[in-house]
Amino acid sequence: MNDIQNILDSTFPFVESLLKEYGEFYPLASAINSDGKVEQILLEEDEEIDFPESVSVLGELKKELRWRKNDFKAVAIFYDVNLKENNTSAIAVSVEHEREKEAFIFYYPYQLIDGNLVYGESWKVVAEMQIFGN
1 MNDIQNILDS
11 TFPFVESLLK
21 EYGEFYPLAS
31 AINSDGKVEQ
41 ILLEEDEEID
51 FPESVSVLGE
61 LKKELRWRKN
71 DFKAVAIFYD
81 VNLKENNTSA
91 IAVSVEHERE
101 KEAFIFYYPY
111 QLIDGNLVYG
121 ESWKVVAEMQ
131 IFGN
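Each residue of the sequence shown is one higher than the one before, starting from 1 at the first, in UniProt numbering.
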(Lines of atoms letter the chains of each structure in order from A and count residues from 1; the text may use other names and numbers.)
(Lines give C-alpha, C1' and ligand atoms only; values in the text may rest on other atoms or scores of the structure.)
Protein backbone atom coordinates (compact mmCIF):
# COMPACT_ATOMS: atom_id res chain seq x y z
CA MET A 1 0.00 0.00 0.00
CA ASN A 2 3.03 2.31 -0.01
CA ASP A 3 2.36 3.03 -3.69
CA ILE A 4 -1.19 4.10 -2.88
CA GLN A 5 0.05 6.30 -0.02
CA ASN A 6 2.58 7.93 -2.35
CA ILE A 7 -0.19 8.80 -4.81
CA LEU A 8 -2.36 10.23 -2.03
CA ASP A 9 0.52 12.25 -0.56
CA SER A 10 1.47 13.78 -3.90
CA THR A 11 -2.00 14.43 -5.37
CA PHE A 12 -4.18 15.30 -2.37
CA PRO A 13 -2.62 18.78 -1.86
CA PHE A 14 -3.46 19.66 -5.48
CA VAL A 15 -7.07 18.52 -4.99
CA GLU A 16 -7.27 20.60 -1.81
CA SER A 17 -5.97 23.68 -3.63
CA LEU A 18 -8.62 23.24 -6.35
CA LEU A 19 -11.37 22.96 -3.74
CA LYS A 20 -10.16 26.04 -1.88
CA GLU A 21 -9.92 28.09 -5.06
CA TYR A 22 -12.99 26.88 -7.00
CA GLY A 23 -15.15 25.03 -4.46
CA GLU A 24 -15.11 21.94 -6.69
CA PHE A 25 -12.87 20.03 -9.07
CA TYR A 26 -13.10 17.84 -12.15
CA PRO A 27 -12.10 14.19 -11.73
CA LEU A 28 -8.37 13.62 -12.05
CA ALA A 29 -6.06 10.63 -11.87
CA SER A 30 -2.54 9.78 -10.77
CA ALA A 31 -0.55 6.58 -11.05
CA ILE A 32 2.69 4.98 -9.93
CA ASN A 33 4.66 4.19 -13.08
CA SER A 34 7.08 1.28 -13.54
CA ASP A 35 9.91 3.46 -12.16
CA GLY A 36 7.99 3.98 -8.91
CA LYS A 37 7.27 7.65 -9.64
CA VAL A 38 3.91 9.39 -9.34
CA GLU A 39 2.58 10.40 -12.74
CA GLN A 40 -0.41 12.64 -13.44
CA ILE A 41 -2.76 11.21 -16.05
CA LEU A 42 -3.66 13.79 -18.67
CA LEU A 43 -6.51 13.61 -21.13
CA GLU A 44 -6.64 15.31 -24.50
CA GLU A 45 -8.83 18.38 -24.39
CA ASP A 46 -12.03 18.23 -26.41
CA GLU A 47 -12.15 21.62 -28.13
CA GLU A 48 -15.86 21.22 -28.89
CA ILE A 49 -16.84 20.95 -25.21
CA ASP A 50 -15.92 23.81 -22.87
CA PHE A 51 -17.29 22.26 -19.67
CA PRO A 52 -17.62 18.48 -19.90
CA GLU A 53 -19.77 16.55 -17.45
CA SER A 54 -17.75 15.11 -14.57
CA VAL A 55 -19.12 11.64 -15.31
CA SER A 56 -17.70 11.91 -18.86
CA VAL A 57 -14.28 12.91 -17.54
CA LEU A 58 -14.40 10.02 -15.07
CA GLY A 59 -15.20 7.58 -17.87
CA GLU A 60 -12.39 8.90 -20.06
CA LEU A 61 -9.89 8.64 -17.19
CA LYS A 62 -10.88 5.00 -16.62
CA LYS A 63 -10.48 4.24 -20.34
CA GLU A 64 -7.03 5.86 -20.39
CA LEU A 65 -5.91 3.96 -17.29
CA ARG A 66 -7.18 0.61 -18.65
CA TRP A 67 -5.45 1.25 -21.96
CA ARG A 68 -2.14 2.03 -20.21
CA LYS A 69 -2.48 -0.35 -17.23
CA ASN A 70 0.70 -2.26 -18.11
CA ASP A 71 2.64 0.98 -17.54
CA PHE A 72 1.45 1.30 -13.94
CA LYS A 73 1.78 -0.42 -10.58
CA ALA A 74 -1.03 1.52 -8.88
CA VAL A 75 -3.69 4.02 -9.91
CA ALA A 76 -6.00 6.47 -8.16
CA ILE A 77 -8.92 8.52 -9.44
CA PHE A 78 -9.96 11.55 -7.38
CA TYR A 79 -13.48 12.94 -7.74
CA ASP A 80 -15.89 15.20 -5.88
CA VAL A 81 -19.13 13.59 -4.63
CA ASN A 82 -22.22 14.66 -2.73
CA LEU A 83 -23.21 12.18 -0.02
CA LYS A 84 -26.98 12.22 0.28
CA GLU A 85 -27.11 10.22 3.52
CA ASN A 86 -24.88 12.78 5.28
CA ASN A 87 -25.92 15.77 3.15
CA THR A 88 -22.25 16.65 2.71
CA SER A 89 -19.56 16.74 0.05
CA ALA A 90 -16.61 14.38 -0.03
CA ILE A 91 -13.42 13.74 -1.92
CA ALA A 92 -13.69 10.18 -3.22
CA VAL A 93 -10.50 8.38 -4.19
CA SER A 94 -10.80 5.11 -6.08
CA VAL A 95 -7.54 3.16 -5.77
CA GLU A 96 -6.21 -0.04 -7.32
CA HIS A 97 -2.89 -1.85 -7.16
CA GLU A 98 -1.73 -4.40 -9.71
CA ARG A 99 -0.92 -6.95 -6.96
CA GLU A 100 -4.23 -6.68 -5.13
CA LYS A 101 -7.46 -8.55 -5.78
CA GLU A 102 -9.73 -5.75 -4.56
CA ALA A 103 -10.02 -2.05 -5.17
CA PHE A 104 -10.97 0.49 -2.52
CA ILE A 105 -12.76 3.81 -2.49
CA PHE A 106 -11.71 6.21 0.24
CA TYR A 107 -14.16 8.93 1.24
CA TYR A 108 -13.01 12.18 2.85
CA PRO A 109 -16.08 14.25 3.79
CA TYR A 110 -15.41 17.97 3.90
CA GLN A 111 -16.91 21.38 4.37
CA LEU A 112 -15.47 24.55 2.91
CA ILE A 113 -15.72 27.17 5.66
CA ASP A 114 -14.29 30.65 5.05
CA GLY A 115 -11.94 29.26 2.41
CA ASN A 116 -10.65 26.46 4.65
CA LEU A 117 -11.31 22.75 4.30
CA VAL A 118 -12.70 21.10 7.42
CA TYR A 119 -12.71 17.30 7.22
CA GLY A 120 -15.05 14.84 8.84
CA GLU A 121 -14.19 11.24 9.63
CA SER A 122 -12.98 9.35 6.56
CA TRP A 123 -13.73 5.74 5.64
CA LYS A 124 -13.13 3.21 2.88
CA VAL A 125 -15.22 0.62 1.09
CA VAL A 126 -14.18 -2.39 -0.95
CA ALA A 127 -14.88 -1.94 -4.66
CA GLU A 128 -14.63 -3.95 -7.85
CA MET A 129 -11.39 -3.76 -9.81
CA GLN A 130 -12.01 -1.65 -12.92
CA ILE A 131 -8.48 -1.02 -14.16
CA PHE A 132 -6.33 -4.05 -13.30
CA GLY A 133 -9.17 -6.58 -13.21
CA ASN A 134 -9.25 -9.05 -16.13
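All residues carry an ideal CB built from backbone N, CA and C; glycine is no exception. Model, not experiment: these values are computed from the prediction.
Take the Cβ of residue i as the centre, count every other Cβ of all protein chains shown within 10 Å, and call the residue buried at 16 or more, exposed below.
i, result
"Ile-113", "exposed"
"Tyr-110", "buried"
"Asp-71", "exposed"
"Val-75", "buried"
"Leu-8", "buried"
"Val-15", "buried"
"Ser-30", "buried"
Between the alpha carbons of residue i and residue j, how many angstroms are there, rounded?
i, j, result
"Leu-19", "Val-38", "21 Å"
"Leu-117", "Lys-84", "19 Å"
"Phe-25", "Asp-80", "7 Å"
"Ala-90", "Tyr-107", "6 Å"
"Trp-123", "Asn-2", "18 Å"
"Lys-62", "Gly-115", "31 Å"
"Ser-10", "Ile-4", "10 Å"
"Gly-120", "Asn-86", "11 Å"
"Glu-100", "Ser-54", "27 Å"
"Thr-88", "Leu-42", "28 Å"
"Ala-92", "Ile-105", "6 Å"
"Arg-68", "Ser-34", "11 Å"
"Tyr-22", "Phe-12", "15 Å"
"Gly-36", "Lys-73", "8 Å"
In its own chain, which residues sit with a C-beta less than 7 Å from the C-beta of residue i, not counting the 5 before and 5 after it?
i, result
"Asn-6", "Ile-32 and Val-38"
"Glu-128", "Ala-103"
"Arg-66", "Ile-131"
Residues in its own chain within less than 8 Å of residue i by CB, not counting five upstream and five downstream?
i, result
"Leu-58", "Pro-27, Ile-77 and Tyr-79"
"Gln-40", "Thr-11, Leu-28, Ala-29 and Ser-30"
Name the two residues that bound the continuous beta strand (DSSP E) containing residue i.
i, result
"Lys-73", "72-83"
"Ser-94", "88-97"
"Gln-40", "38-41"
Got a sec, what are the start and stop residues for the alpha helix (DSSP H) residue i sits in?
i, result
"Gln-5", "2-22"
"Lys-62", "54-67"
When you compare the region 117-132 with the region 93-109, are there three or more beta-carbon pairs, one atom per stretch, that lie closer than 8 Å?
yes
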